[in-house]
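**Q**
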Ligand SMILES: Cc1cc2nc3c(=O)[nH]c(=O)nc-3n(C[C@H](O)[C@H](O)[C@H](O)COP(=O)(O)OP(=O)(O)OC[C@H]3O[C@@H](n4cnc5c(N)ncnc54)[C@H](O)[C@@H]3O)c2cc1C
């Protein structure tokens, strides 16, 4: 593909995370001829965050996004340990915390998100940790070597992954969740139930409907997590994993509209000419979904980078991909596609082993809106295709493990078929 952008143009990408670094690479792949400046406030070159909650030895945990030479070879100016402190949309210039300035034709804000904190007494005690960066993961890894009782606050995907690793190391783990079930915001009740059983059968304690009101400390170190009703869970370390807040400050400062994230169109344009945004920091429309969505996942970051690159080189990035996500917990490889909706029914299929299953979530018109799978890559692929193609499936066939998914899909394409 040849870019129609001119050689005097300049793209400044703020945030050298997954979205920003992917965009820089894609622009060069699409022969963007202008200058590309990728600015990140972390000291490390762009890296994969998913291993941070799944592996806790340095060699497996630290995985760079691109080889060392990639940035120089592709004429991408990578500035690390530098923070963009403001954007001037009139002068088309970004200001850095080292006193320097860089002019842009387009600036792309890819500033990601920051772990949400619990504003309660004791939250600043030593032993209270969060997880987003390599230094965070190293601290947590060191804590694993010392802790005997870990409290994981928040039963989301990151929390459950950390709980699984800690428990596998023989640590006494309690997952503390404010809602009535783990993964309440992001998974079906059936998947929550199965995962809760999976974790508890391996010795993890899962405490739900527990609203954290504070931490007790001794000599500045955490000793317990407290609920409003006075109940306490003893621990010597706590990981707070209650989600992440989009880093919108820069966008707000330069007049970009934000509402639960930077508001962008389907390719990443904001309301301010010359300013785009991609990745976890955005809330965006999706071709196949109603409303706006803040999709915090690698596939979404990569997809947004792809669409922004296409817009910058003035081509079309194609249709949006069905949202998907993965998570590893103990020996479960979870893969989830689509989004859950109100008024759906759930059909489960068993896999080849006792640890594999697929949950299909159907709308009243029998189209599939989401699929949640464990150790079932084929079911995941089939489910994702059913979602994308908006095929109406026969629930009886889908519920029958003796009917292959291939036949379920063939029947969905040709119309109703009765099980034999
Ligand atoms: C522990 C963990 C596990 C995860 N596991 C999975 C998984 O299994 N599957 C999955 O799909 N997703 C997973 N995710 C989510 C995934 O990593 C994110 O969706 C993805 O990293 C988003 O990329 P991003 O570039 O938008 O943001 P980030 O990767 O957060 O990058 C943003 C970067 O911008 C920098 N920055 C912020 N402000 C400035 C500024 N003013 N100037 C300069 N730099 C700035 C930040 O420091 C950061 O380096 C996980 C996330 C975490 C934290």
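Residue numbers (our numbering): 2 to 421. Note that the Cβ used here is the ideal one computed from N, Cα and C, for glycine as well.
Let me check you understand the geometry: is the CB of residue 60 closer than 8 Å to at least one non-hydrogen atom of ligand 1?
**A** For ligand 1, not one heavy atom lies less than 8 Å from the Cβ of residue 60.
**Q** Could you check how far apart the C-beta atoms of residue 110 and residue 278 are, in whole angstroms? I think they sit under 8 Å.
**A** Going by Cβ atoms, the distance from residue 110 to residue 278 rounds to 4 Å, so yes, they are a contact pair.
**Q** Considering only heavy atoms of ligand 1, does any lie closer than 8 Å to the CB of residue 334?
**A** Because no heavy atom of ligand 1 lies under 8 Å away, the Cβ of residue 334 does not count as near it: no.
**Q** In the stretch 139–213, which residue ranges form an unbroken alpha helix (DSSP H) of at least 4 residues, counting only runs that do not cross its ends?
**A** Here the runs fully enclosed are 158–169, 190–201.
**Q** Counting only runs of 4+ residues fully inside the stretch 58–142, write out the alpha helix (DSSP H) ranges in chain order.
**A** For the stretch 58–142, whole alpha helix (DSSP H) runs of length 4 or above, ordered along the chain, are 59–62, 71–74.
**Q** Please state whether DSSP places residue 19 in a helix, a strand or coil.
**A** If DSSP states are grouped into helix, strand and coil, residue 19 belongs with the helices.
**Q** Of the choices 96, 93, 45, whose alpha-carbon is the least far from that of residue 82?
**A** The shortest C-alpha separation from residue 82 is found at 45.
**Q** Whole angstroms is fine: what's the gap from residue 186's alpha carbon to residue 158's?
**A** The alpha-carbon atoms of residue 186 and residue 158 are separated by roughly 10 Å.
**Q** Just to confirm my understanding: we take residue 106, look at its own chain, exclude 5 residues before and 5 after, and list those with CB closer than 6 Å. What are they?
**A** The residues are 10, 11.
**Q** Take the Cβ of residue 102 as the centre, count every other Cβ of all protein chains shown within 10 Å, and call the residue buried at 16 or more, exposed below.
**A** Result: exposed.
**Q** By Cβ distance, which residues of its chain are closer than 6 Å to residue 84, with the 5 residues on each side in sequence left out?
**A** Result list for residue 84: 42, 98, in chain order.
**Q** Quick one, are the C-beta atoms of residue 281 and residue 150 less than 9 Å apart?
**A** Not a contact, by the Cβ cut-off of 9 Å.
**Q** Is residue 250 helix, strand or coil by DSSP?
**A** Three-state result, residue 250: helix.
**Q** Could you check if residue 422 is buried or exposed, using at least 16 other CB atoms within 10 Å of its CB as the buried criterion?
**A** Absent from the model: residue 422. The displayed extent of the chain is 2 to 421, so no value can be given.
**Q** Any chance the CB of residue 186 is under 8 Å from a heavy atom of ligand 1?
**A** Residue 186: no, Cβ never under 8 Å from ligand 1.
**Q** Run the proximity test for residue 67: is its beta-carbon closer than 8 Å to any non-hydrogen atom belonging to ligand 1?
**A** Answer for residue 67: no, Cβ out of range of ligand 1.
**Q** Does ligand 1 have a heavy atom nearer than 8 Å to the CB of residue 71?
**A** No.
**Q** Looking at residue 177 and residue 161, is the spacing between their C-beta atoms short of 9 Å?
**A** Result no, Cβ atoms of residue 161 and residue 177 do not sit closer than 9 Å.
**Q** Compute the distance between the beta-carbons of residue 257 and residue 273, then report whether it is under 9 Å.
**A** Yes; because the gap between Cβ atoms is below 9 Å, this pair is in contact.
**Q** Could you give the uninterrupted runs of the alpha helix (DSSP H) lying entirely in the stretch 358–399, keeping only those of 4 residues or more?
**A** Runs of the alpha helix (DSSP H) inside the stretch 358–399: 378–390.
**Q** Quick one: what does DSSP say residue 300 is sitting in, helix, strand or coil?
**A** Correct three-state label for residue 300: helix.
**Q** Taking residue 290 and residue 340 to be in contact with their CB atoms under 8 Å, please state how far apart those CB atoms are, rounded to whole angstroms.
**A** Yes, they are in contact, since the Cβ atoms of residue 290 and residue 340 sit about 6 Å apart, within 8 Å.
**Q** Among the candidates 225, 55, 190, 68, whose CA atom is the shortest distance from the CA of residue 126?
**A** Nearest of 225, 55, 190, 68 to residue 126, Cα basis: 225.
**Q** Given 8 Å as the limit, tell me if residue 347 has its C-beta closer than that to any heavy atom belonging to ligand 1.
**A** Because no heavy atom of ligand 1 lies under 8 Å away, the Cβ of residue 347 does not count as near it: no.
**Q** At what residues does the beta strand (DSSP E) containing residue 47 begin and finish?
**A** Segment: none, residue 47 is in no beta strand (DSSP E) and carries neither H nor E.
**Q** Can you check whether the CB of residue 94 is closer than 9 Å to the CB of residue 299?
**A** Not in contact: residue 299 and residue 94 (Cβ atoms no closer than 9 Å).
**Q** Of the residues 302, 350, 15, which one's Cα is nearest the Cα of residue 37?
**A** Ranking the options by Cα distance to residue 37, first place goes to 15.
**Q** Which residue comes first and which comes last in the beta strand (DSSP E) that contains residue 405?
**A** Residue 405 -> no beta strand (DSSP E), and no H or E assigned at all.
**Q** Report yes if the C-beta of residue 77 is less than 8 Å from at least one heavy atom of ligand 1; otherwise report no.
**A** Residue 77 Cβ: outside cutoff for every heavy atom of ligand 1.
**Q** Is residue 55 near ligand 1, in the sense that its beta carbon is under 8 Å from a heavy atom of that ligand?
**A** Residue 55: yes, Cβ under 8 Å from ligand 1.
**Q** Given a cut-off of 9 Å, decide if residue 39 and residue 86 are closer than it, judged by their beta-carbon atoms.
**A** Contact flag unset, no.
**Q** Just mark residue 284 as buried or exposed, buried being the case when its beta carbon has 16 or more other beta carbons within 10 Å.
**A** When all chains shown are included, residue 284 counts as buried.
**Q** Sort 181, 214, 174, 114 by Cα distance to residue 201 and report the nearest one.
**A** The candidate whose alpha carbon is nearest that of residue 201 is 174.
**Q** So is the beta-carbon of residue 19 under 8 Å away from any non-hydrogen atom of ligand 1?
**A** Residue 19 Cβ: within cutoff of ligand 1.
**Q** Is residue 280 helix, strand or coil by DSSP?
**A** If DSSP states are grouped into helix, strand and coil, residue 280 belongs with the helices.
**Q** Tell me the rounded alpha-carbon separation between residue 22 and residue 275.
**A** The straight-line gap from Cα to Cα measures roughly 19 Å.
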